[in-house]
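Data first, discussion second: the structure below is written as structure tokens.
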Amino acid sequence: MNEDQQDDNRPTRQQIIEMRCYMLLYMKQLVISSPDLVVSLMSAHPKTMLPAFDRGQRIRTVFKLLASSKEVVCLQALKSLGFFLQRSTNKIILQISVWQEYLLGLAYVYPSNDQQIAVTDRVFELSKILLHHAIKFEFGGWRVGIDTLSILHGRVTKKNYYRKINKMVENMKDDDENDQKNTGFYTDSKRESTKPIADFINHSNHQIFCANVVHIISPMSEVLCNVCGGLLPLLASAISASHEIEILENTEDLSPFNAIKILEHVISLADLFILANSSNFFELKQ
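According to the numbering used here, the sequence shown is numbered sequentially starting from 11.
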């Protein structure tokens with residue numbers, strides 16, 4: 011066979027591209043048809059898959075998948091990690107800082123569905139493999155077991171505390187709802203008073219309270235005016251036809267919109283406790 015005949019038998023560039031397309035489509039169908047493809051290959055061919063899995067640093071990908079919010083993805087990643095740990099790679103995981111905190115953080119203290127139960131069972135199976143290797147083969151491995159039990163006890167205690175607090179909050183909400191139902195249309199007689207509010211403010215028993223409120227309103231108004239751009243720009247905006255004024259720089263970490271809303275409430279309080287108050291302003295200032 012001469013060189014011309016060999017060149018005729020070689021595929022063209024277009025044929026090579028088509029072959030690659032078919033190969034990629036075939037790989038895509040394999041991945042789509044079986045979500046457990048990686049797990050199945052690692053189980054059927056561990057001598058071939060595990061070295062390639064380790065050499066390609068795909069263990070990083072597994073740990074990234076473990077952080078997924080989808081429990082199905084997390085479960086498949088745990089299965090892949092389990093097959094990876096069947097080889098003599100346990101020491102690598104044991105050398106990772108606080109691996110117990112990370113691994114036990116994937117489990118559920120009180121699983122509520124089948125997927126959460128499967129994830130929790132897989133986590134404890136992996137923990138059992140690692141602890142067995144640490145206690146049996148590593149120097150001082152018993153300390154790893156004690157640390158793991160301590161972390162697990164802390165997580166269970168923390169979860170129980172949160173459950174207790176949530177239950178207390180729910181009981182308080184139920185009690186409030188029951189109280190509202192039992193009270194019905196009961197109204198306090200004090201709320202039905204026909205006296206004007208100025209009479210309450212000018213009452214002798216309320217003078218100390220009014221003075222304290224005025225002392226609070228004064229610095230609060232100053233801060234809110236600065237947030238809104240300063241007192242002079244605010245006064246200028248009240249008499250300006252175009253409202254195009256220079257606003258000072260805000261240094262109070264509060265938006266002008268929220269500051270104006272709060273300032274409106276403060277002004278209403280000032281109307282009540284200052285303008286409607288018959289006390290001497292000099293006494294209030296003191």
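Don't be surprised by glycine CBs; every beta carbon is placed ideally from N, CA and C.
task = Confirm, please, whether the CB-CB distance from Ile227 to Ala286 is below 8 Å.
result = By one-based count along the sequence shown, residue 286 stands at place 276. By one-based count along the sequence shown, residue 227 stands at place 217. Result no, Cβ atoms of Ala286 and Ile227 do not sit closer than 8 Å.
query = Where do the ends of the alpha helix (DSSP H) carrying Glu232 lie?
reply = As a working note, residue 232 is residue 222 in the sequence shown. Following the DSSP letters along the chain, one finds Glu232 inside the alpha helix (DSSP H) bounded by residues Gln217 to Val237.
ask   = Around the Cβ of Lys138, are there at least 16 other Cβ atoms within 10 angstroms (buried) or fewer (exposed)?
value = As a first step, residue 138 must be located in the sequence shown, where it is residue number 128. It counts as exposed.
ask   = Is there at least one non-hydrogen atom of the ligand COA closer than 7 Å to the beta-carbon of Asn268?
value = Ligands in the displayed structure: none, and consequently the ligand COA is not present.
key: Assigned exposure category for Ser278 - 16 Cβ within 10 Å defines buried   = Taking the first residue of the sequence shown as 1, we reach residue 278 at position 268. Its Cβ having fewer than 16 others within 10 Å, Ser278 is exposed.
query = What are the start and end residues of the alpha helix (DSSP H) that includes Val129?
reply = The residue labelled residue 129 in the question sits at position 119 within the sequence shown. Per DSSP, the continuous alpha helix (DSSP H) segment holding Val129 begins and ends at Asp124 to Phe147.
task = State the CB to CB distance for the pair Glu81 and Val129, rounded to an integer number of angstroms; the pair is presumed to be in contact (CB under 8 Å).
result = Against the sequence shown, residue 81 aligns to sequence position 71. Against the sequence shown, residue 129 aligns to sequence position 119. That belief holds up - the Cβ atoms of Glu81 and Val129 are roughly 6 Å apart, short of 8 Å.
ask   = Considering only C-alpha positions, which residue in the set Lys174, Asn236, Ile161 and Lys146 is nearest to Ala117?
value = As a position in the sequence shown, residue 117 is number 107, starting the count at 1. Ala117 has its Cα closest to that of Ile161, out of Lys174, Asn236, Ile161 and Lys146.
task = Could you tell me whether the Cβ atoms of Leu136 and Leu113 are closer together than 8 Å?
result = Within the sequence shown, the letter at position 126 stands for residue 136. Within the sequence shown, the letter at position 103 stands for residue 113. Taking C-beta atoms as the reference points, Leu136 and Leu113 count as a pair closer than 8 Å.
key: Spatially closest choice to Val166 from Leu76, Ile26, Tyr120 and Val233, by CA coordinates   = Within the sequence shown, the letter at position 156 stands for residue 166. Minimum Cα distance to Val166 is reached at Tyr120.
ask   = Thinking C-beta only, is Gln110 closer than 8 Å to Asp157?
value = Counted from its first residue, the sequence shown places residue 157 at position 147. Counted from its first residue, the sequence shown places residue 110 at position 100. Between Asp157 and Gln110, the C-beta gap is smaller than 8 Å, which places the two residues in contact.
ask   = What span of residues does the alpha helix (DSSP H) with Pro266 cover, start to end?
value = One-based indexing of the sequence shown puts residue 266 at position 256. Residues Pro266 to Ala280.
ask   = In three-state terms, what does DSSP make of Arg173?
value = Here residue 173 corresponds to residue number 163 of the sequence shown, with the count starting at 1. The three-state reading of DSSP puts Arg173 in helix, counting H, G and I together.
query = What residue does the alpha helix (DSSP H) around Phe283 start on, and which one ends it?
reply = Locating residue 283 in the sequence shown gives position 273, counting from the first residue. Per DSSP, Phe283 belongs to no alpha helix (DSSP H) and is neither H nor E.
query = In angstroms, rounded to a whole number, what distance separates the CA positions of Ile211 and Ile272?
reply = For the purposes of this step, residue 211 is taken as residue 201 along the sequence shown, with counting starting at 1. For the purposes of this step, residue 272 is taken as residue 262 along the sequence shown, with counting starting at 1. In a straight line, the C-alpha of Ile211 is about 22 Å away from that of Ile272.
task = Please state if the CB of Ile284 and the CB of Val224 are separated by a distance shorter than 8 Å.
result = The residue labelled residue 224 in the question sits at position 214 within the sequence shown. The residue labelled residue 284 in the question sits at position 274 within the sequence shown. Against a cut-off of 8 Å, the Cβ pair of Ile284 and Val224 comes out as a contact.
task = Assign Ala208 to one of three DSSP states: helix, strand, or coil.
result = As a working note, residue 208 is residue 198 in the sequence shown. Note: Ala208 maps to helix in three-state DSSP.
query = Nearest-angstrom Cα distance between Val237 and Pro229?
reply = Counting from 1 along the sequence shown, the entry for residue 237 is found at position 227. Counting from 1 along the sequence shown, the entry for residue 229 is found at position 219. Rounded to the nearest angstrom, the two C-alpha atoms are 13 Å apart.
task = Alpha carbon to alpha carbon, how far is Ser231 from Gln217? Give it in angstroms, no decimals.
result = Along the sequence shown, one-based indexing puts residue 217 at 207. Along the sequence shown, one-based indexing puts residue 231 at 221. Going by the C-alpha atoms only, they are around 21 Å apart.
ask   = Shorter than 8 Å from the beta carbon of Met178 to some beta carbon of chain C?
value = No chain C is part of this structure, which consists of one protein chain only.
message = Need the endpoints of the alpha helix (DSSP H) that Tyr112 sits in, please.
response = Walking along the sequence shown from the start, residue 112 turns up at place 102. That run of the alpha helix (DSSP H) goes Trp109 to Leu114.
ask   = Any idea if Ala208 is buried or exposed, counting beta-carbon neighbours within 10 angstroms, 16 or more meaning buried?
value = Residue mapping note: residue 208 aligns to position 198 of the sequence shown, counting from 1. The residue is exposed, with fewer than 16 neighbouring Cβ atoms inside 10 Å.
request  = Please name the residue in Ala221, Leu75 and Gly115 whose C-alpha comes closest to that of Gly164.
outcome  = Here residue 164 is taken as the residue at index 154 of the sequence shown, counted from 1. For Gly164, the closest alpha carbon among the candidates Ala221, Leu75 and Gly115 is that of Gly115.
task = Check the C-beta distance from Val154 over to Leu88 and give it rounded, since I have them as a contact under 8 Å.
result = Position 144 of the sequence shown, counted from the first residue, corresponds to residue 154. Position 78 of the sequence shown, counted from the first residue, corresponds to residue 88. Val154 to Leu88, Cβ: 20 Å. No contact.
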